[in-house]
RNA sequence: CGCGGGGUGGAGCAGGGGUAGCUCGUGAGGCUCAUAACCUCAAGGUCGGAGGUUCGAUUCCUUCCCCCGCAACCA
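In the numbering used here, the protein residues as written are 73 to 600.
Encoded structure:
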């Protein structure tokens, strides 16, 4: 049976979402929507959530006036903000996991016991630099010269007993796994796999997975030592499994098909996580896909530079779908992109307003003008051979829209960007087609058959384009769908077989005759 | 010699041994169905530098220069 399980990272709740978070969400949501169309809704699971433990949160809670022991109330308020943001961006996840959920805690503790029993966890001693005022640990290189890189005050050498996870003993096994041709897609894009293999060449140190409660208590207690809580990754990564367990869906959906994430946390997902899973005795995810970053003015987005962009603000200003379209279409998944409000507006005006919005508008106007707003029934040919040729050419391009969606998204590993670009190229062809065909001339000549063919072709293109754009711009696609007189909701109306069909299927017209179109407001009014 | 990615017309990118391509911008023209939208044509590049392989390299090899990121008990 075909199933699809996609995850985003769980976000640390110490800041509000920026454009990078929004990107991961939008891509994951678009993919989930596409797979729901082809595999049916019940066979797709899209997970997102929040990472809520750790020192930074403990501090932030204290700062916000929450007494020790009341951290949960603090994170609750932040989490609501994340959920609201995703709602505005049209993100339809199947589940929202929080690391403070009881099921998650229990799952983490169960696995800790299992891994401990296996002998992969031991009590050791951490030895390194610590900055007391910042309450932060630093490595030798970070604290070069004995100075805290943050506050520039002197650091001290401290030793602390902690539990460690024996990552080092799995390095060879992981390397073998990564090199196995059967796992060709385990890390994508392909060039990232080399990077991961590179990480393994350095000595893989055992991972410190605990914090003494005396110093930090906001976390999941180690089941085998009350004086410690779990530290970060051994808590966070397990969310991908505990979320399924919370829904009794583990057997159906594990292993994950794609863990989608940004390249900065590639190491955790393609080294730590697979090794944890090996030790835990669970299957490894099929793909860890590391996408790139959005840069602003050539630089990485960072709080310290103050160049962060608020996706919600952009969404309110230009519309969710315009933002979603821009994010998905502008860069190939895996590459870095340059974000600027100007380029967003440019994409909006050119691709959305001038190309697709205008195509719908001008087509529907002509259908109203020439056929009283009803899609014409047509024969395959008219008396003008040149016209027949143009028509055949456009229809051949249109026939590839849905097959290419499948090709790029399923076969070419989630390249939804190329699927969208292809659909838009057919929109552009359709605009040229109107110009070349000049239905207004046929109208003067009285060649009604030719106009019928032209309109039927345009409606066909628009219908297929609406379906192709649906995963990325659900609201807009449905708006197109309604204006075309085809119904209310593409997800409900479109036949699954059609999405799986080949171009042969589309050699016949699939836009029914006699449909009353309902021209509405422009999809995307131009921005001046 | 730490590792990875990249340097292609004004901008952002694609491509890949044999007339260098796309989008935007610029200039000229066309059309009227349309959201001053759409369509056509033109200008604009010795594909980071230097060597080499080849009948021929922007594409392969060597080397150098420059930009970006990673180098984890920060998420």
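C-beta atoms are modelled at their ideal positions from N, C-alpha and C, and glycine is treated no differently.
Query raised in the report: In this structure, does DSSP put residue 596 in helix, strand or coil?
Result: Here residue 596 sits in coil by DSSP.
Report task. If I'm right that residue 100 touches residue 118 with Cβ under 8 Å, what's the distance once you round it to whole angstroms? Result -> Yes, residue 100 and residue 118 are in contact; Cβ-Cβ is about 6 Å, under 8 Å.
Report task. Work out the CA separation of residue 423 and residue 165 for me, nearest whole Å. Result -> Between the C-alpha atoms of residue 165 and residue 423 there is a straight-line separation of about 28 Å.
Requested in this report: Let me know if residue 523 comes out buried or exposed under the rule of 16 or more other beta-carbons within 10 Å of its beta-carbon.
Outcome: Per the 10 Å Cβ criterion, buried.
Query raised in the report: Are residue 303 and residue 289 close, meaning C-beta to C-beta below 7 Å?
Result: No, Cβ-Cβ distance for residue 303 and residue 289 is not below 7 Å.
Query raised in the report: In the segment 408–438, which residue ranges form an unbroken alpha helix (DSSP H) of at least 4 residues, counting only runs that do not cross its ends?
Result: Counting whole runs of 4 or more residues, the segment 408–438 contains the alpha helix (DSSP H) stretches 413–419.
**Report entry** Length-filtered (4 minimum) alpha helix (DSSP H) runs lying within the segment 262–330
**Finding:** Residue ranges of uninterrupted alpha helix (DSSP H) with 4 or more members, entirely inside the segment 262–330 and ordered along the chain, are 262–273, 305–308, 311–318 and 322–325.
**Report entry** The beta strand (DSSP E) enclosing residue 118, as first and last residue numbers
**Finding:** Element bounds for residue 118: 116–123.
Requested in this report: Using alpha carbons as the reference points, say which of 436, 412, 533 and 293 lies closest to residue 495.
Outcome: Comparing Cα-Cα distances from residue 495 to each of 436, 412, 533 and 293, the minimum goes to 533.
Query raised in the report: In chain order, what residues of the same chain have a beta carbon less than 8 Å from the beta carbon of residue 344, not counting five sequence neighbours either side?
Result: Here the set comprises 239, 279, 305 and 309.
Query raised in the report: Alpha carbon to alpha carbon, what distance is there between residue 478 and residue 108?
Result: Looking at the backbone, the Cα of residue 108 and that of residue 478 are separated by about 13 Å.
**Report entry** Cα-Cα separation, residue 329 to residue 312
**Finding:** Within the model, the alpha-carbon separation for residue 329 versus residue 312 is close to 11 Å.
Query raised in the report: Taking just the CA atoms, how far does residue 335 sit from residue 380?
Result: Cα to Cα, residue 380 sits roughly 18 Å from residue 335.
Query raised in the report: Helix, strand or coil for residue 81 per DSSP?
Result: Strand, per DSSP.
Report task. Please confirm whether residue 122 and residue 85 have their CB atoms less than 7 Å apart. Result -> Yes, they are a contact pair.
Query - Residues of its chain near residue 398, where Cβ-Cβ distance is below 7 Å and the 5 sequence neighbours each way are ignored - result: Only 416 and 419 meet the Cβ criterion.
Query raised in the report: Which partner residues does residue 245 have in the DSSP bridge list?
Result: Answer by DSSP bridge pairing: none, since residue 245 is not bridged.
Query - Beta-bridge pairing of residue 234 - partner residues as DSSP gives them - result: Residue pairing by DSSP places residue 234 opposite 196 in a beta bridge.
Query raised in the report: Ends of the alpha helix (DSSP H) at residue 398?
Result: Note, residue 398: alpha helix (DSSP H), 392–402.
Query - Beta-carbon gap between residue 193 and residue 138 smaller than 7 Å - result: Between residue 193 and residue 138, the gap from beta carbon to beta carbon reaches 7 Å or more.
**Report entry** Expected contact under 8 Å - CB spacing of residue 463 and residue 525 to nearest Å
**Finding:** Taking C-beta atoms under 8 Å as the contact rule, residue 463 and residue 525 qualify, at a distance of about 5 Å.
**Report entry** Under 7 Å between C-beta atoms of residue 491 and residue 506
**Finding:** With respect to the 7 Å criterion, residue 491 and residue 506 are not classified as neighbours on the basis of their beta carbons.
Query raised in the report: Contact between the segment 381–390 and the segment 350–363: three or more CB pairs below 8 Å?
Result: The segment 381–390 vs the segment 350–363: no contact.
**Report entry** Which of helix, strand or coil DSSP assigns to residue 556
**Finding:** In the structure shown, residue 556 adopts coil according to DSSP, grouped into three states.
Requested in this report: May I ask you to list the residues that DSSP assigns as paired with residue 40?
Outcome: Lying before the first or after the last residue shown, residue 40 is absent from the chain, which here runs from 73 to 600.
**Report entry** Counterpart residues of residue 168 in DSSP-defined beta bridges
**Finding:** Partner(s): 120.
Query raised in the report: If we ignore side chains and look at the alpha-carbon of each, how far apart do residue 297 and residue 228 end up?
Result: Distance from the CA atom of residue 297 to the CA atom of residue 228, rounded to whole angstroms, is 27 Å.
**Report entry** Beta-carbon separation (whole angstroms), residue 295 vs residue 185, contact threshold 8 Å
**Finding:** With a Cβ gap of about 5 Å, residue 295 and residue 185 count as contacting.
Report task. Identify whether residue 365 lies in helix, strand or coil by the three-state DSSP scheme. Result -> Residue 365 falls in the coil class under three-state DSSP.
Query - Stretch-stretch touch, CB-based, cutoff 8 Å, three pairs: the segment 588–596 with the segment 427–440 - result: Verdict: yes, contact present.
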